[in-house]
Amino acid sequence: MLITCPYCGPRDLSEFTYQGDGNRQRPAPNSQDLDAWNAYVYDRQNPAGDHNEIWQHSGGCRIHIRVVRNTLTHAISSAVPVRGHHGGKA
Amino acid sequence: MAEYSALALLKNAFNGNKDWKPAWRKPQPKASYDVIVVGGGGHGLATAYYLAKEHGITNVAVLEKGWLGSGNVGRNTVTVRSNYLLPPNTRFYEYSMKLWENLSHDLNYNVMFSQRGVLNLAHSPAQFDDYARRGNAMRHQGADSELMTPAEIKRLMPAIDISGNARFPIYGGLMQPRAGTARHDAVAWGYARGADRRGVDIVENCEVTGFLRDGDRIVGVSTSRGEIRAKKVAVAVAGSTGRVMQLAGIDRLPIESHVLQAFVTESLKPFLDTVVTFGMGHCYINQSDKGGLVYGGDIDGYNSYAQRGNLPIVEDVMAEMLAMFPSLSGVRLLRSWGGVCDMSMDGSPVIAKGPLPGMYLNCGWCYGGFKATPASGFCFAHTIARDEPHDLNAAFTLDRFRRGILIDEKGQGATPRLH
């Protein structure tokens with residue numbers, strides 16, 4: 043599997059670290075909404091198909107990347123820097 | 201007379217082997233059952249078997265999307281052990297071990313259970329101390345364990361590298377002598393025949409495409425072979441848990457599906473008569489009766505339903521195998537494959553009633569489901585029949601994450617790729 047780093051181009055899987063499901067929403071640090079914390083920490087959509095996920099190019103430029111990858115075929119349809127693509131600071 | 205016995209073999213030999221019956225029928229699904237088990241893998245078939253045998257519930261259908269043995273029950277590396285640290289796990293897996301020890305007799309089907317021992321290698325004093333602690337915990341729970349020195353290990357497996365020049369020199373090991381291997385296809389076939397002979401319908405090529413509801417309650421399933429109703433619907437689909445539960449409207453679970461690869465080499469002469477695991481990484485290896493070395497390592501580490509993996513893990517696993525047995529460097533790889541594992545958030549399984557009324561869920565086996573097959577079926581059947589868990593699976597609830605009562609053997613937290 044090759045992942046196209048937005049800065050370094052297509053690189054081998056072994057250079058990247060998987061950070062998991064990119065859809066999870068972290069509650070505000072002072073939130074006391076236990077359902078929201080439970081959902082953030084433990085619940086996963088785990089789709090069979092396109093999966094929105096975070097990878098880090100840890101063996102390269104160390105950027106965090108938002109990747110859309112098909113879990114049935116491993117085909118990657120999008121890879122963009124996390125910064126500026128989730129409505130906040132990375 | 202038992203269906204399979206020396207006498208039956210003789211009788212059928214004289215009769216031209218015309219009277220053997222298929223191990224299970226190929227029934228058309230009925231319109232309704234008392235219990236439907238979704239998933240004809242090891243756990244689903246064992247569940248149906250124990251429903252019939254222990255609880256007298258025989259109006260049961262097992263629905264399998266493909267053919268029996270096509271999923272993880274035919275893809276694992278066949279190791280059976282109960283060398284866990286935490287009491288809920290040790291008790292459950294030790295009970296499973298006791299069922300394994302009598303399984304061939306119980307099923308009247310030779311599952312080739314071979315108690316050849318499982319040895320975990322330690323590579324530092326700290327790791328050895330940790331193993332001693334786990335060994336003691338196992339003994340407290342009624343399992344067996346022994347610490348071994350490098351010299352004892354060398355006597356057991358002459359090909360292993362115990363020299364100080366090894367990249368990670370071997371400091372000792374934790375052995376469970378009663379652990380071992382079993383023939384995984386025979387486990388599926390044996391449970392299938394046992395369930396079938398007690399009246400259970402095993403329906404292959406029958407994919408569940410939806411759940412039938414009466415209000416909130418699940419009252420059956422729609423399948424590629426029509427609608428089937430049931431008072432109770434039990435789901436035991438391992439790596440496909442996410443996909444199947446989505447059909448019931450449950451779109452979030454404490455489960456991620458990951459791919460685990462396994463490998464087998466060409467056949468060799470007898471080389472290794474124990475299961476051994478590498479402690480500075482993750483690699484486990486045993487030799488099949490056919491002579492091939494069967495081995496694997498970590499999961500690939502990203503969500504996948506693909507039943508195939510990538511090369512970095514292949515390289516890791518080969519390197520770890522050669523660190524243990526340098527003499528294997530010239531051996532050729534025969535085949536490799538992948539299976540989809542239902543990785544839970546604490547590395548332990550779920551066997552519970554729910555999450556919807558009329559539904560029962562068995563999942564979260566990570567990549568250790570094979571050894572659990574008998575106890576998983578036994579406990580799941582109990583939970584379905586009595587509507588309450590057995591003592592052995594009372595801790596394996598779905599809401600333990602929300603309630604903070606995790607069973608996290610490795611202490612990794614909610615990071616499934618590390619369990």
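Going line by line, the protein sequences match chains A and B. Residue numbers for the first sequence follow my numbering, beginning at 43 and rising by one. Residue numbers for the second sequence follow my numbering, beginning at 201 and rising by one. We put the CB at the ideal spot given by N, CA and C, even for glycine. As the structure is a computational prediction, the values presented were derived from the model and not from experiment.
CB-CB under 7 Å to residue i, same chain, minus the five flanking residues each way: which ones, in chain order?
| i | result |
| --- | --- |
| N308 (chain B) | A202, E203 and Y204 |
| Q67 (chain A) | Y82 |
| G102 (chain A) | C47, C50, R53 and E57 |
| Y249 (chain B) | Y391, G394, A395 and G577 |
| H255 (chain B) | A581 and A585 |
| T474 (chain B) | R316, G317, L319, L356 and M357 |
Give the secondary structure of residue i by DSSP, where H, G and I count as helix, E and B as strand, and everything else as coil.
| i | result |
| --- | --- |
| I605 (chain B) | coil |
| G51 (chain A) | strand |
| E95 (chain A) | strand |
| T290 (chain B) | helix |
| V318 (chain B) | strand |
| W224 (chain B) | coil |
| A121 (chain A) | strand |
| G335 (chain B) | helix |
| A132 (chain A) | Unreliable positioning characterises A132 (chain A) in this predicted model, as indicated by a pLDDT of 41, which lies under 50. A coordinate reading is not provided. |
| R600 (chain B) | helix |
| A351 (chain B) | helix |
| D516 (chain B) | helix |
| N212 (chain B) | helix |
| M375 (chain B) | strand |
| V83 (chain A) | helix |
For residue i, which option in the options has the closest C-alpha, if you only look at C-alpha atoms?
| i | options | result |
| --- | --- | --- |
| K432 (chain B) | B:N217, B:K230, B:K221 and B:I236 | B:I236 |
| V621 (chain B) | B:G266, B:R339, B:G317 and B:G269 | Since the displayed chain B opens at 201 and closes at 619, residue 621 (chain B) lies outside it and no answer follows. |
| H619 (chain B) | B:P574, B:V459 and B:D516 | B:V459 |
| A462 (chain B) | B:V400, B:A337, B:L533 and B:I428 | B:L533 |
| L493 (chain B) | B:S576, B:A436, B:S232 and B:R535 | B:R535 |
| P549 (chain B) | B:N289, B:G564, B:G439 and B:D608 | B:G564 |
| T615 (chain B) | B:M543, B:D498, B:M524 and B:I551 | B:M543 |
| P574 (chain B) | B:N212, B:N302 and B:L209 | B:N302 |
| C50 (chain A) | A:D77, A:L114, A:T115 and A:Q98 | A:Q98 |
| R602 (chain B) | A:M43, A:P71, A:N80 and A:R125 | A:N80 |
| T349 (chain B) | B:G342, B:G373, B:Y331 and B:M445 | B:G373 |
| G554 (chain B) | B:G547, B:M545 and B:E588 | B:E588 |
| Y567 (chain B) | B:D234, B:C541, B:P229 and B:M445 | B:C541 |
| Y371 (chain B) | B:E407, B:N320 and B:M338 | B:N320 |
| V517 (chain B) | B:Y484, B:A595, B:D330 and B:A343 | B:Y484 |
| K265 (chain B) | B:I402, B:R617, B:R393 and B:S527 | B:I402 |
| T477 (chain B) | B:D416, B:F578, B:Q487 and B:L468 | B:Q487 |
| W224 (chain B) | B:W389, B:N310, B:G364 and B:G256 | B:W389 |
| P377 (chain B) | B:I605, B:K469, B:D234 and B:M297 | B:M297 |
| S620 (chain B) | B:V531, B:D416 and B:I450 | There is no way to answer for residue 620 (chain B), as the model of chain B reaches only from 201 to 619. |
By Cβ distance below 8 Å, which residues in the same chain neighbour residue i in space, the five residues on each side in sequence not counted?
| i | result |
| --- | --- |
| R111 (chain A) | D92, H93, E95, A117, I118 and S119 |
| E404 (chain B) | K226, G240, E264, G266, W267 and L268 |
| P229 (chain B) | A261, L263, D401, V403, C406, T423, R425, G426 and I428 |
| K131 (chain A) | Low confidence applies here, because K131 (chain A) scores a pLDDT of 46, under 50, leaving its location unreliable and the question unanswered by this model. |
Cutting at 6 Å between CB atoms, please list the residues of its own chain near residue i, excluding the five before and the five after it.
| i | result |
| --- | --- |
| G410 (chain B) | S422 and L447 |
| R334 (chain B) | L285 |
| V596 (chain B) | The displayed chain sequence assigns Phe, not Val, to residue 596 (chain B). If we look at F596 (chain B) and ignore the five residues flanking it on each side, its Cβ neighbours are P549, V550 and I551. |
| Q612 (chain B) | L618 and H619 |
| G129 (chain A) | Because the pLDDT at G129 (chain A) is just 48, under 50, the model does not fix this residue reliably, and the value given afterwards should be weighed accordingly. If we look at G129 (chain A) and ignore the five residues flanking it on each side, it has no Cβ neighbours. |
Is residue j closer than 7 Å to residue i when the C-beta atoms are compared?
| i | j | result |
| --- | --- | --- |
| S440 (chain B) | N88 (chain A) | no |
| G399 (chain B) | L412 (chain B) | no |
| L556 (chain B) | I455 (chain B) | no |
| F580 (chain B) | I551 (chain B) | yes |
| M357 (chain B) | L472 (chain B) | yes |
| H340 (chain B) | F368 (chain B) | no |
| N562 (chain B) | H243 (chain B) | yes |
| L114 (chain A) | A506 (chain B) | yes |
| V122 (chain A) | H106 (chain A) | no |
| L251 (chain B) | V260 (chain B) | yes |
| V435 (chain B) | V273 (chain B) | no |
| H482 (chain B) | G497 (chain B) | yes |
| R429 (chain B) | S270 (chain B) | no |
| H384 (chain B) | N276 (chain B) | yes |
| A343 (chain B) | S527 (chain B) | no |
| A90 (chain A) | R452 (chain B) | no |
| A366 (chain B) | V278 (chain B) | no |
| G380 (chain B) | Q327 (chain B) | no |
| S304 (chain B) | Y293 (chain B) | no |
| L592 (chain B) | D546 (chain B) | no |
Entirely enclosed beta strand (DSSP E) segments - the segment 386 to 458 of chain B, minimum 3 residues: 401 to 403, 408 to 414, 417 to 423 and 426 to 435
Give, in chain order, every unbroken run of the beta strand (DSSP E) that is at least 3 residues long and sits entirely within the segment 242 to 278 of chain B. 260 to 263
Please give the ranges of any beta strand (DSSP E) in the segment 520 to 598 of chain B, keeping only runs that are unbroken, at least 3 residues long and fully inside the region. Entirely contained in the segment 520 to 598 of chain B, the beta strand (DSSP E) runs reaching 3 residues are, in chain order, 533 to 544, 550 to 553 and 559 to 563.
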